[in-house]
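Here is the structure we will look at, set down as structure tokens.
2 protein chains.
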Amino acid sequence: MPVNIPETSQPRVLIIGAGFAGLRLARKLYKHDFQIVLIDRNNYHQFQPLFYQVATSGLEPSSISFPLRKVFQKVKNVFIRVAEVKKINPQEKIIETSLGTAWYDYLVIASGATTNFFGVDSFEKNGIPMKSTSEALFLRNKLLENFETAVTLRDPDEIDRLLSIVVVGGGPTGVEVCGALAEMKKFVLPKDYPDLDFNLMTITLVEANEQLLHGMSREAGVKALEYLTSLGVKVKLNHKVKSYDGKEIELEDQENFQTRTLIWAAGVKGQMPDGISADNIVAGNRLKVDEFNRLEDFPEIFAIGDIAYTETKDYPKGHPQVAQVALQQAALLAKNLINIKNGNNLVPFQYRDKGSMATVGRNRAVVDLPGFKFSGFPAWLVWMFVHLMSIVGVKNRLVIFINWLWNYMTYDQSLRLIIRPKSKNT
Amino acid sequence: MPVNIPETSQPRVLIIGAGFAGLRLARKLYKHDFQIVLIDRNNYHQFQPLFYQVATSGLEPSSISFPLRKVFQKVKNVFIRVAEVKKINPQEKIIETSLGTAWYDYLVIASGATTNFFGVDSFEKNGIPMKSTSEALFLRNKLLENFETAVTLRDPDEIDRLLSIVVVGGGPTGVEVCGALAEMKKFVLPKDYPDLDFNLMTITLVEANEQLLHGMSREAGVKALEYLTSLGVKVKLNHKVKSYDGKEIELEDQENFQTRTLIWAAGVKGQMPDGISADNIVAGNRLKVDEFNRLEDFPEIFAIGDIAYTETKDYPKGHPQVAQVALQQAALLAKNLINIKNGNNLVPFQYRDKGSMATVGRNRAVVDLPGFKFSGFPAWLVWMFVHLMSIVGVKNRLVIFINWLWNYMTYDQSLRLIIRPKSKNT
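Below, the structure written as structure tokens:
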């Protein structure tokens, strides 16, 4: 049964995913003469770079989530459908979703990336990922519940396990969550739980690589290590994790760790819908596309953002899976779809690296710009400014700014709430 | 097995519930020489009067919830335990909780009131209550999901049912939620869903009594009716509901309504822990106490707030179940516990009615003060000021104020997010 979308004379661009790539594309395209169908499993856009602040009680989920319908208020040619995409049928030019089928003239796969547990079941079962607002909220609840449980126990080993946190993966997410946890340990938790001994709390960051932030410069990695160490985080470089049973992490040829909380920030893989030929799928579950982000064999199917993979001279292993690539690919694809419609030539994608950055807590961040690296307080200010300006919605920006200012002045994140919507059979 | 609470020489006051009554008592008492154990099923205090704004996407749950541990930061003699109370054993002076047993010198039952479905299973099963942050969040998700579903359907009857909302109970909660829904219908929803016809959306308020806000003055009830009617809410006074199967509401001797959303705001009953003799329990599941809020037979057990019931000359059917009574009883009980400790006489409770109020939307509210009634814009300002000042936490106050200002200027509530923490076997 087809999804209820009006049939019009406009060519239909069906976009899967309302992340950085999908949302940007829809925004760039809706003023031109297309019918846009935007499908996402959530009714909101998520600002991924700040998930870690939701997980550590610094920001409310709503501050980094923006209702899609609000972005396209009063817009008549954008049709938002909250649904799971089940399968793509490129031959028939339709997709199957949890709401029914939908045809397309142009299909844009912007479904992004999800957590990669590298096939280890015990990590998938017991580790906590942080790739969505829901997961970040789950982690927040879990951390707070662990402290609440610890306070009621007498068994020192179990208290230890509840207070110990291990983060796997030393990319920006891993580094940033460790920094935030270390600051909670330092400034907030001992005041909240006067009857718990937070000297027992350990935060350990395990990274398989020989440096932190391996997508960034060597200097940034060294500086991040220095910051985290000064905050009391134990950083284990060149360490690989093997398994985790919910209590103990086994490392390859190394000491083991006891913990009730394993935060998994070690890798991503493309969220590939079914129905794509395996020939087009490369390492990391990414979709191989040409320099116009177009699928081989199906010139009306495109992939942009984290799921897209283009080999170029500058990026022989594909572009980095970061917001900037997604945004730039989306902007170009909007132009190219208009070019196709007008019978003009397509423009190939060329990534302009604007730099990358990560923060490790109060006054501490690292920034790599092309040809210029810096760290410390100025980097931290730049980090805040860039993130604040990238957030969708003026009110979100305002609320986040107030939260940051407040947290900065009071050394306190005040959202330490274990809240769940009541579960009920609807 | 006993809950892990240190044994000290201080007399132990065990408080069940951290609502208005329990939290106020703990705050008044902790500077005196008592050990205070505060038990709640949540790790936060909830500001009940604004649940309806969470349900209608106007405020974030965190804005009206305050972490208990933050209230008592660094306080050494307050022990917060997040637990369910299972049973009270007055003979042995212990209570049983989900964390184990706990003894007390003084027990204060401040467990409040919960939704009263008056024994009708179909309401309990299919109606949506609004007596906790979690329930309000559930309602918010449900309302938004219904609109998302409606947009995908073709069956006009089912679309009708999804867009129709029936609220049962014309007290402050019912009136306020109807006002907020009517404003969403007017200002927000048609912009969000250009492909839905919101002329089909109906909001119906069913009240068994002959006036709205029957705890308030006749004038307030008439004014609220006028406001709601002008906002397009259908108000059915003198109507009793009989059953609801999730699709259709049956009324006694009247027309039926088709709706997928029945909001139940029709009554409350005390949340009574097990173990209390039935002799002490009166209508509405309230606990009969004397003028010192003390249980008959057990002078070391007290009840305050919504669950307490005291017959006085002025209030022969007990005090109203409102925040003011809870706060005043808590403040007096703090004094009386100190009196008991010092061997002084107890002071009997005397309720000072400061008035009551309700809001029906932008610029519209009703206020009953002793000897003075008013409505309209001034009442609405007073309503906002009083509620803002009653919220725990300066930052909450600030964030709520910004939200209100923003919503007022933009005619928009921007929290239309269907967010759930990821469910995972923890």
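Quick mapping for you: the protein sequence lines, in order, are chains X and S.
Read in order, the letters of the first sequence correspond to residues 1 to 426 in full-length UniProt numbering.
Read in order, the letters of the second sequence correspond to residues 1 to 426 in full-length UniProt numbering.
Note that beta-carbon positions come from the ideal geometry of N, C-alpha and C, so glycine has one too.
Taking all protein chains in view, the Cβ of S/P156 is surrounded by fewer than 16 other Cβ atoms within 10 Å, so the residue is classified as exposed. Of the other Cβ atoms in all chains shown, 16 or more fall within 10 Å of the Cβ of S/P61; this residue is therefore buried. Beyond the five residues adjoining it in sequence on each side, S/L251 comes within less than 7 Å, by CB distance, of H239, K240, V241 and K242 in the same chain, given in chain order. Excluding sequence positions up to five before and after S/C178, its CB lies within less than 7 Å of the CB of V167, I203, L205, L228 and V233, all in the same chain and listed in chain order.
Of the residues assessed, S/V71 falls on the buried side of the cut-off, its CB having 16 or more other CB atoms within 10 angstroms. Contact check for S/G169 against S/G267 passes: the beta carbons are separated by less than 9 Å. Around X/E145, the same chain offers I418 as residues with beta carbons nearer than 7 Å, after the five sequence neighbours per side are excluded. A direct Cα-Cα distance of roughly 10 Å separates X/L287 from X/A110. The alpha carbon of S/E248 has as its nearest neighbour, out of S/Y315, S/L162, S/Y309 and S/S217, the alpha carbon of S/L162. Distance between S/L143 and X/I165, taken at the CA atoms: about 37 Å.
Using a Cβ-Cβ distance cut-off of 8 Å, the region 81–98 of chain S and the region 272–280 of chain S are in contact, since at least three pairs of beta carbons, one from each stretch, lie closer than that value.
In terms of beta-carbon proximity, S/V222 stays away from the interface with chain X, with every pair separated by 9 Å or more. Excluding five sequence positions before and after X/V399, the CB atoms of its chain that fall closer than 6 Å to its own CB belong to S63, given in chain order.
The residue from S/F298, S/V360 and S/T259 with its alpha-carbon nearest to that of S/V222 is S/V360. Assigned with DSSP and collapsed to three states, X/R364 falls in strand. Looking at X/E291, X/L137, X/F187 and X/F20, the one whose alpha-carbon comes closest to that of X/N199 is X/F187. At a cut-off of 9 Å, the C-beta of S/F79 has a neighbouring C-beta in chain X.
Scanning chain X for C-beta atoms nearer than 9 Å to the C-beta of S/R362 yields nothing, as the closest lies near 18 Å away.
Spatial neighbours of X/P2 in its own chain (CB-CB distance under 8 Å, excluding positions within 5 residues in sequence) are listed in chain order as G100, T101, A102 and W103.
By DSSP's assignment, X/S375 forms a beta bridge with X/V366. When C-alpha distances from X/L225 are compared across X/R69, X/G376 and X/F34, the shortest belongs to X/G376.
Flagged as an interface residue toward chain X: S/Q73, by a C-beta distance shorter than 9 Å.
Only residues of its own chain outside the window of five on either side were considered, and among them F147 and V151 have a CB closer than 7 Å to the CB of X/Y193, listed in chain order. Note that the C-beta distance between X/N285 and X/D297 is not below 9 Å. Those residues of the region 250–262 of chain X placed with their C-beta closer than 8 Å to a C-beta in chain S do not exist. Taking all protein chains in view, the Cβ of X/A182 is crowded by 16 or more other Cβ atoms within 10 Å, so the residue is classified as buried.
C-alpha of X/L196 to C-alpha of X/L23: approximately 45 Å in a straight line. Closest in C-alpha terms to S/L332, from the list S/Q211, S/I304, S/L50 and S/P11, comes S/I304. In the DSSP annotation of this structure, the continuous segment of the alpha helix (DSSP H) that includes S/K223 starts and ends at R218 to S230.
In the assembly as shown, X/S9 is an exposed residue. Its beta-carbon has fewer than 16 other beta-carbons within 10 Å. Residues of chain X whose Cβ lies closer than 7 Å to the Cβ of S/K191 are, in chain order, Q73 and K74. For X/V167, the enclosing beta strand (DSSP E) begins and ends at I165 to V168.
Residues of the region 146–165 of chain X with a C-beta less than 8 Å from any C-beta of chain S: E148, V151, T152, L153 and R154, listed in chain order.
Taking 3 residues as the shortest admissible run, the region 41–106 of chain S contains the following complete beta strand (DSSP E) segments, listed from N- to C-terminal end: 44–46, 65–67, 78–82, 85–89, 94–97 and 100–103. In the DSSP secondary-structure assignment, S/W264 is bridged to S/V168. The three-state secondary structure of S/E145, taken from DSSP, is helix.
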